[in-house]
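Trainee: Below you will find the structure I want to go over with you.
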Amino acid sequence: MAITDDVLVIGGGLAGATAALAATETAPDARVRLVTAKQSTLRHASGLIDVLGYAPGSEDHGHEQGQKQKPIVDPFAELDTLPTGHPYERVGGEAVRDALEFFDDIAGDAYAGGHTDKNALVPTHGGTVKPTARYPAATADGLASDDRDALLVGFETLPDFEAPLAAAHLEAAGAPFDARGVTLSFPGIVRDDAKVTRYAHLLDRNERVASEAGAGEIGAREALAAAVEPHLEDEPRVGFPAIVGDDRPAAVRESLADALGVDIFEVPMGPPSLPGLRLEDLLYAALENAGVRVTSGVPVVDYETADGAIDHVIVDRNGAEIPHEAAQYVLATGGLVGKGIESGRERVSEPLFDCHVPHASDRYDWFVDDVFGEQPYARFGLAPDRELRPLDANDDPEFRNLRAAGAVLGGYDYAAEKSGAGVSLATGYVAGTRAGEESE
Amino acid sequence: MSEAEQPIDDGVPSDQSSADADDDEFEPVQVFPESEEMDLRPGADNCYKCSTCDTNCPVAEVDDEFPGPKFQGPEQWRLKRQDDHDIDESVMKCSNCMRCDSSCPSDVPLSQMHNTARGEYVEENMSKFSREYIRNRMLANYRRLAPLASMFPRTANFVMGLSVTKWLGEKTLGVTSERDFPEFATETFREWWTKRGGAHVESEDKRIAYFHGCYSNYNTPEVAKALVRVYEHFGYEIMVPNQSCSGTPMFANGMLDDARRAAETNVRELAAAIEDGADIIASCSSCSMSIRQEYPELFDFEDTDTVAEHTWDAVEYLRVHEDLEAELEGTSVGDEFDDFAYHAPCHSRNQGLDGQTIEVMDAIDGIEAHDVGDSCSGISGTYGWKEENYETSMKIGEDMFEHMAAAEAETGLTECPTCSMQMEHGTGYEIRHTLEVLEAALVGSSAQSAPATEPN
Numbered sequence: 001m002a003i004t005d006d007v008l009v010i011g012g013g014l015a016g017a018t019a020a021l022a023a024t025e026t027a028p029d030a031r032v033r034l035v036t037a038k039q040s041t042l043r044h045a046s047g048l049i050d051v052l053g054y055a056p057g058s059e060d061h062g063h064e065q066g067q068k069q070k071p072i073v074d075p076f077a078e079l080d081t082l083p084t085g086h087p088y089e090r091v092g093g094e095a096v097r098d099a100l101e102f103f104d105d106i107a108g109d110a111y112a113g114g115h116t117d118k119n120a121l122v123p124t125h126g127g128t129v130k131p132t133a134r135y136p137a138a139t140a141d142g143l144a145s146d147d148r149d150a151l152l153v154g155f156e157t158l159p160d161f162e163a164p165l166a167a168a169h170l171e172a173a174g175a176p177f178d179a180r181g182v183t184l185s186f187p188g189i190v191r192d193d194a195k196v197t198r199y200a201h202l203l204d205r206n207e208r209v210a211s212e213a214g215a216g217e218i219g220a221r222e223a224l225a226a227a228v229e230p231h232l233e234d235e236p237r238v239g240f241p242a243i244v245g246d247d248r249p250a251a252v253r254e255s256l257a258d259a260l261g262v263d264i265f266e267v268p269m270g271p272p273s274l275p276g277l278r279l280e281d282l283l284y285a286a287l288e289n290a291g292v293r294v295t296s297g298v299p300v301v302d303y304e305t306a307d308g309a310i311d312h313v314i315v316d317r318n319g320a321e322i323p324h325e326a327a328q329y330v331l332a333t334g335g336l337v338g339k340g341i342e343s344g345r346e347r348v349s350e351p352l353f354d355c356h357v358p359h360a361s362d363r364y365d366w367f368v369d370d371v372f373g374e375q376p377y378a379r380f381g382l383a384p385d386r387e388l389r390p391l392d393a394n395d396d397p398e399f400r401n402l403r404a405a406g407a408v409l410g411g412y413d414y415a416a417e418k419s420g421a422g423v424s425l426a427t428g429y430v431a432g433t434r435a436g437e438e439s440e
Numbered sequence: 441m442s443e444a445e446q447p448i449d450d451g452v453p454s455d456q457s458s459a460d461a462d463d464d465e466f467e468p469v470q471v472f473p474e475s476e477e478m479d480l481r482p483g484a485d486n487c488y489k490c491s492t493c494d495t496n497c498p499v500a501e502v503d504d505e506f507p508g509p510k511f512q513g514p515e516q517w518r519l520k521r522q523d524d525h526d527i528d529e530s531v532m533k534c535s536n537c538m539r540c541d542s543s544c545p546s547d548v549p550l551s552q553m554h555n556t557a558r559g560e561y562v563e564e565n566m567s568k569f570s571r572e573y574i575r576n577r578m579l580a581n582y583r584r585l586a587p588l589a590s591m592f593p594r595t596a597n598f599v600m601g602l603s604v605t606k607w608l609g610e611k612t613l614g615v616t617s618e619r620d621f622p623e624f625a626t627e628t629f630r631e632w633w634t635k636r637g638g639a640h641v642e643s644e645d646k647r648i649a650y651f652h653g654c655y656s657n658y659n660t661p662e663v664a665k666a667l668v669r670v671y672e673h674f675g676y677e678i679m680v681p682n683q684s685c686s687g688t689p690m691f692a693n694g695m696l697d698d699a700r701r702a703a704e705t706n707v708r709e710l711a712a713a714i715e716d717g718a719d720i721i722a723s724c725s726s727c728s729m730s731i732r733q734e735y736p737e738l739f740d741f742e743d744t745d746t747v748a749e750h751t752w753d754a755v756e757y758l759r760v761h762e763d764l765e766a767e768l769e770g771t772s773v774g775d776e777f778d779d780f781a782y783h784a785p786c787h788s789r790n791q792g793l794d795g796q797t798i799e800v801m802d803a804i805d806g807i808e809a810h811d812v813g814d815s816c817s818g819i820s821g822t823y824g825w826k827e828e829n830y831e832t833s834m835k836i837g838e839d840m841f842e843h844m845a846a847a848e849a850e851t852g853l854t855e856c857p858t859c860s861m862q863m864e865h866g867t868g869y870e871i872r873h874t875l876e877v878l879e880a881a882l883v884g885s886s887a888q889s890a891p892a893t894e895p896n
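Residue numbers (my numbering), protein chains in the order written: chain A, 1 to 440; chain B, 441 to 896.
Dropping the structure here:
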């Protein structure tokens with residue numbers, strides 16, 4: 001007896017969650033399940049929703065070698081110029097807009113940026129500026145286009161964010177404001193390698209910590225504000241690394257803002273990232289509300305076909321094989337990093353359904369010597385038709401009831417383009433919608 | 441080159457031999473020799489230090505002194521390459537919730553490494569005469585004490601409940617006095633089973649062997665009885681083989697020799713049941729976790745893998761082998777049960793079963809189970825019983841307590857005995873097991889189902 005659903009989404013990242021949500025919105029009576037081999041990897045994500053930050057293939061866009069490429073102002077205006085096979089070209093510009101709107105509805109107040117088509121410029125922990133379409137509310141007061149001066153606060157025990165360096169970098173990059181950085185010790189943190197969740201938990205719970213003034217114990221939020229206060233000059237906004245609360249970030253920001261009389265913002269950090277964790281929580285809460293069934297921690301390892309379609313897949317639970325059956329399937333298992341695409345010495349493959357992955361037969365053609373050049377491997381992935389069914393070597397759909405979404409798709413370089421989240425949203429939305437429609 | 445300078449990469453071919461090879465056939469290099477003993481080696485190199493495990497660790501989030509799972513596993517292994525490093529004592533702060541396992545995107549066997557490190561620490565670095573060792577050994581071997589207590593359950597319950605006993609427990613042994621000891625049942629499950637005359641259903645092709653574990657035998661036989669009635673309802677012949685503790689509390693306390701002895705008995709007995717055509721069913725999520733994952737990771741008795749592959753969670757098995765949801769459709773549970781605040785134990789979560797109970801409860805009319813979120817209950821078996829961990833344990837549990845209070849239910853639901861202790865301790869709610877609800881829905885409550893067929 002297989003565990004039976006109408007739509008089965010394989011993969012628990014942004015693409016998979018979006019596909020599952022889109023499927024249940026399209027077909028409210030359908031039973032939708034999401035299976036993810038591991039916990040969602042969204043905590044590796046910055047939490048920013050980029051659509052297109054830089055044009056793909058700098059040579060095609062008339063840039064001299066070595067010349068720094070300019071960030072794209074309006075990503076939506078660029079969508080029609082993308083090469084054939086790019087995931088955005090496959091789904092079309094309208095679908096990208098629809099997907100962003102879909103995301104805005106789910107995210108509500110937690111995200112900002114939907115008021116304009118233009119990219120926002122968000123300072124990151126290295127002091128560089130990332131063009132992005134949506135950003136967490138916690139980051140809203142930190143935009144580089146905002147001309148208010150900013151004080152960046154780093155902590156001795158969080159070496160990933162060197163505030164003075166980030167401030168200097170921002171100024172050198174031409175930010176239209178004065179940025180200053182200070183490094184403090186975080187009240188209540190003793191060990192050098194305390195986890196980011198520990199910082200967030202202290203602030204969420206406003207745990208009692210020793211006051212610096214030696215006046216007994218006070219709440220962590222008050223203690224942090226008291227530590228920052230003497231360093232504040234006239235800056236109307238203060239930026240912290242993204243550890244300002246996990247479950248209650250808005251309340252923590254409000255406490256700090258009240259105590260200091262300034263606006264508070266977060267600078268997105270590398271993994272593991274609290275904005276990524278909060279995005280994960282937001283999406284999984286939406287999945288629960290939508291009645292999507294989630295099975296996590298177990299991999300899909302095999303499948304059976306019937307009449308050119310997938311009949312059921314096999315989920316492995318510590319050696320026991322559990323059949324899962326559905327009418328429609330969405331593959332959203334990630335790219336080379338997420339292990340949705342694998343490479344060996346002989347070939348590049350998609351390990352679950354062995355869908356065709358276009359690539360050169362000689363592995364010395366998989367990369368170029370210029371590390372920051374256009375790396376062919378960065379574009380490895382499935383080549384889908386316009387409704388995102390992966391195509392075999394003859395350009396026929398591999399299975400009529402399988403669609404693919406997110407980084408398992410090829411034809412784009414998300415790291416160079418800054419398009420990872422946007423592609424996951426757009427393809428997840430389209431794959432999920434089509435799966436929902438056809439499940440009925 | 442002196443011997444001291446000999447590289448540790450002793451599997452690498454020397455320059456001469458690689459020059460000899462004139463074909464370019466790829467030959468993988470064995471950098472480190474295969475270890476015959478348990479060590480921290482497996483998986484260490486798969487760790488690319490993304491720290492995802494650290495963000496999952498419920499202990500590191502509340503306890504500044506715990507360096508997190510990444511340190512306990514992969515980093516500890518690297519440190520240990522230097523001869524002068526012992527296993528760090530902080531490994532004893534790990535609660536063995538095993539959440540790091542399902543978080544690792546690179547399949548590093550973190551909990552296996554922690555079990556190994558903890559075992560080595562206890563063996564090499566902890567005094568066998570220390571209060572901590574004696575206390576841990578007692579907690580880990582609760583099963584050895586339980587038969588005594590259940591011989592005189594009323595006396596035991598009375599004595600354990602005395603504040604002087606608790607005070608003594610804390611002062612002499614370091615067992616927190618904050619908690620109430622679980623009550624011992626006046627009749628164990630196995631006593632009931634024997635009195636009842638064993639299985640009431642015989643079947644050639646539908647047969648299970650029930651691994652009841654210690655808790656449902658000595659403390660909550662109503663859960664074990666519910667399992668029997670539910671499985672007999674579906675026509676299964678039930679075997680109740682001899683068994684020892686699953687080993688979970690022993691792993692968690694680094695008592696690997698004790699765990700090995702228990703596992704050996706269980707593997708032997710359960711393999712014999714499989715030989716007789718049975719699958720193994722457990723009602724406690726830590727018991728099934730232990731048999732399915734920890735046994736194959738840590739032991740290699742004959743049949744260890746076979747037993748692991750044939751072991752199932754009680755509800756999962758019915759979902760896959762019967763149409764449980766269709767059977768439940770339209771059933772109700774009368775007045776005995778109302779809505780539930782459901783907590784998925786970490787060890788269910790790690791088996792991919794965290795959504796299961798809510799899905800199954802959906803099919804029953806008139807009751808609803810509210811998921812109280814993905815936080816850890818904080819007790820982690822014997823962990824939260826230790827005086828030095830009590831505060832950490834309650835801090836971890838805070839999220840769960842709050843979510844239980846916010847859920848529209850006055851009764852808790854879970855499949856883990858110690859999670860249920862923590863849920864009750866933190867909220868005062870009565871806590872039930874999913875099998876009890878299934879029993880009420882499918883065969884009527886135990887009170888009603890007692891009649892003629894069952895000499896209850």
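Beta carbons are placed, not taken as given, at the ideal position from N, Cα and C, and that holds for glycine.
Using the DSSP secondary-structure output, state which residues sit across from W752 of chain B in a beta bridge.
Mentor: Bridge partners of W752 of chain B: B:I721.
Trainee: Report the option in B:N486, B:N536, B:Q522, B:D524 whose CA atom is closest to the CA atom of G508 of chain B.
Mentor: Ranking B:N486, B:N536, B:Q522, B:D524 by Cα distance to G508 of chain B puts B:N536 first.
Trainee: Are S40 of chain A and E280 of chain A touching if we call contact CB-CB under 7 Å?
Mentor: Yes, Cβ-Cβ distance for S40 of chain A and E280 of chain A is below 7 Å.
Trainee: Would you mind sorting A421 of chain A into buried or exposed? The rule is 16 or more other CB atoms within 10 Å of its CB.
Mentor: It counts as buried.
Trainee: Pick out whichever of B:G813, B:F624, B:M679, B:T628 has its Cα sitting closest to the Cα of V715 of chain B.
Mentor: Here the sequence assigns Glu to residue 715 of chain B, which means Val is not the residue at that position. Nearest C-alpha to E715 of chain B: B:M679.
Trainee: Counting only beta-carbon atoms, is R347 of chain A nearer than 7 Å to chain B?
Mentor: False, the Cβ-Cβ gap to chain B never drops below 7 Å.
Trainee: Tell me which residues of the segment 187-220 of chain A have at least one Cβ-Cβ distance to chain B shorter than 7 Å, keeping chain order.
Mentor: Hits within the stretch, in order: I189, V190, R191, D193, A194, K195, V196, T197, R198, H201.
Trainee: Does L696 of chain B pass the burial test, meaning 16 or more other C-beta atoms within 10 Å, or should it be called exposed?
Mentor: By the neighbour-count rule (16 or more Cβ atoms within 10 Å), L696 of chain B is buried.
Trainee: Flag M269 of chain A as yes if its beta-carbon sits less than 7 Å from any beta-carbon of chain B, otherwise no.
Mentor: By this cut-off, M269 of chain A is not an interface position.
Trainee: Excluding sequence positions up to five away, which residues of its chain have a Cβ less than 6 Å from the Cβ of E704 of chain B?
Mentor: Closer than 6 Å at the Cβ level, and outside the excluded window around E704 of chain B, lie F741.
Trainee: Which residues of chain B have a Cβ atom closer than 8 Å to the Cβ of H44 of chain A, listed in chain order?
Mentor: Going along chain B in sequence order, the residues near H44 of chain A (Cβ under 8 Å) are C490, T492, P545.
Trainee: Kindly provide the ranges of any alpha helix (DSSP H) runs that are 4 or more residues long and lie completely inside the segment 689-741 of chain B, ordered along the chain.
Mentor: You should have 696-715, 725-729, 735-738.
Trainee: Spatial neighbours of G113 of chain A within its chain, please: CB distance less than 8 Å, with the 5 preceding and 5 following residues excluded, ordered by chain position.
Mentor: Answer for G113 of chain A: I49, A120, T132, A133, R134, Y135, listed in chain order.
Trainee: Going by DSSP, what residue range makes up the beta strand (DSSP E) through Q328 of chain A?
Mentor: Where Q328 of chain A is concerned, the enclosing beta strand (DSSP E) stretches over 328-331.
Trainee: Got a sec: which bits of the segment 768-793 of chain B sit with their beta carbon under 9 Å from any beta carbon on chain A, in order along the chain?
Mentor: Cβ contacts with chain A: R789, N790, Q791, G792, L793.
Trainee: Chain B beta carbons: is any one of them nearer than 7 Å to that of N318 of chain A?
Mentor: Cβ-Cβ to chain B under 7 Å: yes for N318 of chain A.
Trainee: Work out the CA separation of T851 of chain B and A754 of chain B for me, nearest whole Å.
Mentor: Spanning the two alpha carbons is a distance of roughly 21 Å.
Trainee: State the DSSP-derived secondary structure class of V196 of chain A, mapped to helix, strand or coil.
Mentor: Three-state DSSP puts V196 of chain A in a helix.
Trainee: Are any of the Cβ atoms in chain A nearer than 7 Å to that of T616 of chain B?
Mentor: Chain A, which has no Cβ nearer than 7 Å to the Cβ of T616 of chain B, makes this no.
Trainee: With S542 of chain B and G297 of chain A assumed to form a contact (beta carbons below 8 Å), what rounded beta-carbon distance in angstroms separates them?
Mentor: Correct: roughly 4 Å between the Cβ atoms.
Trainee: Within 7 Å (strictly less), CB to CB, does A625 of chain B reach chain A?
Mentor: Answer no: the Cβ-Cβ gap between A625 of chain B and chain A never drops below 7 Å.
Trainee: For a contact meaning CB atoms closer than 9 Å, what does S296 of chain A contact in chain B?
Mentor: Within 9 Å Cβ-Cβ: S542, R789, G792, D794, G795.
Trainee: Taking the Cβ atom as the reference point for each residue, do H783 of chain B and T854 of chain B lie within a distance shorter than 7 Å?
Mentor: Contact: yes.
Trainee: Compute the distance between the beta-carbons of H125 of chain A and M1 of chain A, then report whether it is under 7 Å.
Mentor: For H125 of chain A and M1 of chain A, no; Cβs fall outside 7 Å.
Trainee: Buried or exposed for W607 of chain B, please, with buried defined as at least 16 other CB atoms from any protein chain shown within 10 angstroms of its CB.
Mentor: That one is exposed.
Trainee: Could you give the C-beta distance for R434 of chain A and E398 of chain A, rounded to a whole number, given that I count them as a contact under 8 Å?
Mentor: The pair is not a contact, with the Cβ atoms about 15 Å apart (cut-off 8 Å).
Trainee: Please confirm if I10 of chain A has its CB atom under 7 Å from at least one CB of chain E.
Mentor: The chain inventory of the structure shown lacks chain E, comprising the protein chains A and B.
Trainee: Is there a Cβ of chain B sitting closer than 7 Å to that of I322 of chain A, yes or no?
Mentor: With 7 Å as the cut-off, I322 of chain A counts as an interface residue toward chain B.
Trainee: Can you give the Cα-Cα distance for G53 of chain A and T139 of chain A, rounded to whole angstroms?
Mentor: Cα-Cα distance, rounded: 18 Å.
Trainee: Spell out whether any CB of chain B is found under 7 Å from the CB atom of P159 of chain A.
Mentor: P159 of chain A does not count as touching chain B.
Trainee: Run through DSSP, which three-state label would L184 of chain A get?
Mentor: Three-state DSSP puts L184 of chain A in a strand.
Trainee: Starting from P498 of chain B and walking both ways along the alpha helix (DSSP H), at which residues does that stretch end?
Mentor: Element bounds for P498 of chain B: 498-502.
Trainee: Grouping DSSP H, G and I as helix and E and B as strand, with all else coil, what is A112 of chain A?
Mentor: Three-state result, A112 of chain A: strand.
Trainee: If contact means a Cβ-Cβ distance below 9 Å, which residues of the segment 516-540 of chain B contact chain A?
Mentor: So the close ones are R539.
Trainee: Contact between the segment 379-393 of chain A and the segment 86-93 of chain A: three or more CB pairs below 8 Å?
Mentor: Result yes; three or more Cβ-Cβ pairs closer than 8 Å.
Trainee: Are any of the Cβ atoms in chain A nearer than 7 Å to that of D504 of chain B?
Mentor: It does; some Cβ of chain A falls within 7 Å.
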